[in-house]
Amino acid sequence: MARTRGKDSLGPAKKGERRRKVVHVFTEGRVTEPEYIKVVREQAGTNGVEVRIANQSAPGSQRKPIKLVEAAARLLREETRAAKRSGLEEKYWPAVWCLFDRDQHDHIDAALKEAREAGVEVAFSHPCFEVWRLLHHKPVTGTFGRNCDMAADRLPFAGSAANIKPVLPEQIPRGSFAQAKKWAQKMNEAHAEHVPKSLRDPYTDVFEFVEKGLGITAY
């Protein structure tokens, strides 16, 4: 799996240069999630976080949740060792995130467990990332039964867009993050704490990735 080591992020910052935290992101989708990240970073403006899509050229066989977590855990171990050797302050150590969905995948619970044990952060959506996109326009009600098409069909631009996989700036209304987060939290709170995330339908915590991973609180 192709990845970026990020060696240039380690060691002392150059004189007059602000230290930037590096965040490596493994995405299940080849198009949607990377383009979403690009769009919201452009809308939010620059900050002290450098984001790298770690599996940009990975084939589909390496994009299953369990495969993403395994690769992310390896990269996190390598990056942490390198940061320690370089004497980098802990607050600047690279972070590693995985973004994946429930869809029809097997081993979701195992992937989430392995990520927790390895220290890999996960942004999870049920049935798919389109639930988070939809929350930028309206609350999400009802269940989807692992059928992503049902969520995608509710997107206000689904009828006119030839392909909803690409994320266009106009599909994310300006100033919509705060409301989308509130709707997501209310939606998630409908599920009892003891219910596994793999069974929470619908669900998304992508807003945590936006705030903790991308360092963005508004767009």
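The sequence shown begins at 26 in the numbering used here and counts up by one.
Here a beta-carbon is modelled for each residue, glycine too, at the ideal position from N, C-alpha and C.
Query, Result
"Roughly how many whole angstroms lie between the Cα atoms of residue 246 and residue 164?", "Outside the displayed range of the chain (26 to 244) lies residue 246, so it cannot be described from this structure."
"One question on the structure: do residue 148 and residue 229 come within less than 9 Å of each other, judged by their Cβ atoms?", "yes"
"What residues are listed by DSSP as bridge partners for residue 51?", "123"
"Tell me the DSSP secondary structure of residue 89 in three-state form.", "coil"
"Given residue 201, which residues of its chain have a CB within under 6 Å of its CB, disregarding the five upstream and five downstream residues?", "161"
"Can you say whether residue 11 is buried or exposed, counting buried as having 16 or more other CB atoms within 10 angstroms of its CB?", "Any property of residue 11 remains undetermined from this structure, which presents the chain solely from 26 to 244."
"Decide if the stretch 139-156 is in contact with the stretch 166-185; the criterion is three or more beta carbon pairs, one per stretch, under 8 Å apart.", "yes"
"Ordered along the chain, which non-local residues of its own chain (more than five positions away) have a Cβ less than 6 Å from that of residue 238?", "48, 122"
"Bridge partners of residue 209, per DSSP?", "Answer is none; residue 209 lacks a bridge partner."
"Of all the options 105, 126, 127, which has the alpha carbon lying nearest to the alpha carbon of residue 118?", "105"
"For residue 144 versus residue 98, is the C-beta distance shorter than 9 Å?", "yes"
"Between which residues of its own chain and residue 236 is the CB-CB distance below 7 Å, once the five residues before and five after are set aside?", "242"
"So, with DSSP's three-state summary, where would you put residue 242?", "coil"
"Compare the beta carbon distance of residue 141 and residue 133 with 9 Å and say whether it is the shorter of the two.", "no"
"Residue 170 to residue 226, Cα distance in whole Å?", "7 Å"
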